[in-house]
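Colleague: Structure in structure tokens, see below.
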């Protein structure tokens, strides 16, 4: 549907800042996030709940609701700054050039309209197709995402479908206008494991077919390992590490990334051992932290970590780390390493 | 569906029996004798006794009840103690008037109340939101007899713009539609104010809840404009509680807006009921109460059926 894709990067987020102005204070949910994604690539954004990964995604779509507001930065998409577009211009981008699927397939579809209508709505909005052509396109999309007897399911309501089916419908809806970027916010979190794999495979095959760039937001490192080309690790609104997926898994250099990796259960682990965890918990978003945001939970924190915030430093062509000790000795990755708990 | 309807109709039987009991006994337990009122104290005890026997009021109250109920089952609601007209005829004569008033009040309440609620919800936290909600609290808490009297004083007595009561100009030779409209304004406003306020509040709160749902975010992520999201995706989902409220309201109003009809001498079922209570015209009061109950049940059944139209998840089979 769309041709001559511009040279990479397709989407570039620069120093994005999205803050929430609540009665209890300002929450800097996204605080100077920078990343880019090329066409047909998959970027994983990883982090704990509340680290700002979903807010980053919603910001890219300019779907932040009050009391939140994008207060700074740029979102460059094909040489346009999305933050400078009018609301009407932005609506022409949403669902058309950048589409999004959400975590909760059970509640992300409107219960009072048929799935066919809901998929067709986006097509109708962004194309000049006639009613009949829209219907044909919807059925084609339903087939593409692997919904059996698509023609009959067109008139189904969401409640007549399972969670996995509904997520397929969401994917069909998001890809119906052949977007250049698909933002998938925890697309498999609410699904059964087998359905998760099916959904990821589906996304991957559709990506090949449509040449879509995918931003995959997840807290599941297994999913990232499976599908991402590059990975961004976020902690408290900031990127702490950014690298290719191989580097993230083989040579992570931020203690938080390492902590996340170590706390992922592995098949070969002794299941009687306690799973390593990251000590402490994420501080309140209202708390004022000086220095590195991760220092209260970090094992290699020193005085400078407590005093000054490190920048995101590029250590090689594809690897950025926000840590004062990035040059230090490599961090222990083996699960035989002492767990955080047993340390003093 | 048929099963659901049959079930609901069966359920109405005990409800109507209950209503008939209350309607029959409450008025009879109250002081006041219709025969005294009919004769206005200007009759010999023998005459009074004859009238009483004639009207069947000399039998025991239980016997009277079952005699009445037996007739009601066949569709005969009895006769007015005063006009000797069949009760059903009296009711059906008045019902169109009640219908006109109730319908215009409900339409006004919806036409003004829903947009008010929608705007308040979409501009949550703004001055418009808070001021419209203050106004709606006022509208809801104002007693309608008081509001009616105030409107009569201002528009009927001081300004002399509008008639103070009735349905048509009593001097007119024949009823004219324009005349009806003019007479309709004040009672409609009085009746609609509270309901409008209620509809606005309900629409606002119901819509606010829906607007925070995930599927609203999906709709926005498709690129739909704000108004389409609200009207197409949010409003329909927020209708269920609004329909419930309207079902009760419409049911109530169609049974006769007792106070407003009396204040404006509107010849509907409500004012007929008040008059008949004053006169101890038992058959009319009983008939009107039963009638109101039937209308109420019917309207709420309609509301239930409407849920299924609005929300495909609700099915009655």
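Chains as they are written, first to last, in my numbering: chain F, 1 to 344; chain C, 1 to 317. Just so it is clear, CB atoms sit at the ideal spot from N, CA and C, and this is done for glycine as well.
#1: Can you list, in chain order, the residues of its chain whose CB lies under 7 Å from that of residue 12 of chain F, leaving out five sequence neighbours each side?
#2: Is the region 72-92 of chain C touching the region 217-224 of chain C, taking contact as three or more C-beta pairs under 8 Å?
#3: Using a Cβ-Cβ cut-off of 8 Å, state whether residue 126 of chain C counts as contacting chain F.
#4: If you pair each beta-carbon of the region 100-114 of chain C with each one of the region 245-254 of chain C, do three or more pairs fall below 8 Å?
#5: Using the Cα positions of residue 254 of chain C and residue 98 of chain C, report the straight-line distance between them to the nearest angstrom.
#6: Could you please give me the residues that DSSP links to residue 242 of chain F through a beta bridge?
#7: Could you pull out every unbroken alpha helix (DSSP H) segment of at least 4 residues lying fully inside the region 261-328 of chain F, listed in chain order?
#8: Looking at chain C, is there any beta carbon in it that lies within less than 8 Å of the beta carbon of residue 50 of chain F?
#9: To the nearest angstrom, how far is the alpha carbon of residue 55 of chain C from that of residue 174 of chain C?
#10: From this set, C/43, C/91, C/179, which residue's C-alpha is nearest residue 295 of chain C's C-alpha?
#11: Excluding five sequence neighbours on each side, which residues of the same chain lie with their C-beta closer than 7 Å to the C-beta of residue 139 of chain F?
#12: Please classify residue 21 of chain C: is it buried, with 16 or more other beta-carbons within 10 angstroms of its beta-carbon, or exposed?
#13: Quick check on this structure: which residue in F/210, F/129, F/229 has the alpha carbon closest to the alpha carbon of residue 45 of chain F?
#14: Keeping to the same chain, check which residues put their C-beta closer than 8 Å to that of residue 141 of chain C; ignore five residues upstream and five downstream.
#15: Which residues in the same chain have their Cβ closer than 7 Å to the Cβ of residue 189 of chain C, if we skip the five residues on either side of it in sequence?
#16: State yes or no: is the beta carbon of residue 122 of chain F nearer than 8 Å to at least one beta carbon in chain C?
#17: So, does the CB of residue 159 of chain F fall closer than 8 Å to a CB anywhere in chain C?
#18: Thinking just about the alpha-carbon of each residue, which of F/10, F/49, F/201, F/249 is nearest to the one in residue 217 of chain F?
#19: Is the distance from the Cβ of residue 319 of chain C to the Cβ of residue 257 of chain C below 8 Å?
#20: Provide the residue(s) that pair with residue 79 of chain C in DSSP beta bridges, ordered along the chain.
#21: Please classify residue 219 of chain C: is it buried, with 16 or more other beta-carbons within 10 angstroms of its beta-carbon, or exposed?
#22: Tell me the DSSP bridge mates of residue 261 of chain C?
#23: Do residue 322 of chain F and residue 224 of chain F have their beta-carbon atoms positioned less than 8 Å apart in this structure?
#24: What residues in its chain sit with their C-beta under 6 Å from that of residue 6 of chain F, if we drop five residues either side in the sequence?
#25: Using DSSP with H/G/I as helix, E/B as strand and the rest coil, what is residue 40 of chain C?
#26: For residue 282 of chain F, collect the residues of the same chain with a Cβ closer than 7 Å to its Cβ; drop the 5 residues on either side in sequence, then sort them by chain order.
#27: Which residues in chain C have a C-beta closer than 9 Å to the C-beta of residue 115 of chain F? List them in chain order.
#28: Are residue 311 of chain C and residue 112 of chain F closer than 8 Å when you measure CB to CB?
#29: Express the C-alpha separation of residue 265 of chain C and residue 135 of chain C in angstroms, rounding to a whole number.
#30: By the 7 Å beta-carbon criterion, what residues does the region 102-114 of chain F contribute toward chain C?
#31: Would you say residue 312 of chain C faces chain F, with C-beta separation under 8 Å as the test?
#32: Since I believe residue 80 of chain C is in contact with residue 284 of chain C (beta carbons under 8 Å), could you give me their beta-carbon distance rounded to a whole number of angstroms?
Modeller: Judging by the given coordinates:
#1: 36, 76
#2: no
#3: no
#4: yes
#5: 6 Å
#6: F/232, F/320
#7: 303-307
#8: no
#9: 36 Å
#10: C/91
#11: 150, 151, 154
#12: exposed
#13: F/229
#14: none
#15: 151
#16: yes
#17: yes
#18: F/49
#19: Absent from the structure is residue 319 of chain C, since the part of chain C shown begins at 1 and ends at 317.
#20: C/86
#21: buried
#22: Per DSSP, none; premise fails for residue 261 of chain C.
#23: no
#24: The predicted model places residue 6 of chain F with a pLDDT of 43, which falls under 50 and marks its position as unreliable; any figure quoted below should be read in that light. 78.
#25: coil
#26: 48, 50, 236
#27: Correct list: empty, because the minimum Cβ distance to chain C is about 11 Å.
#28: yes
#29: 28 Å
#30: 102, 104, 107, 108, 109, 110, 111, 112
#31: yes
#32: 5 Å
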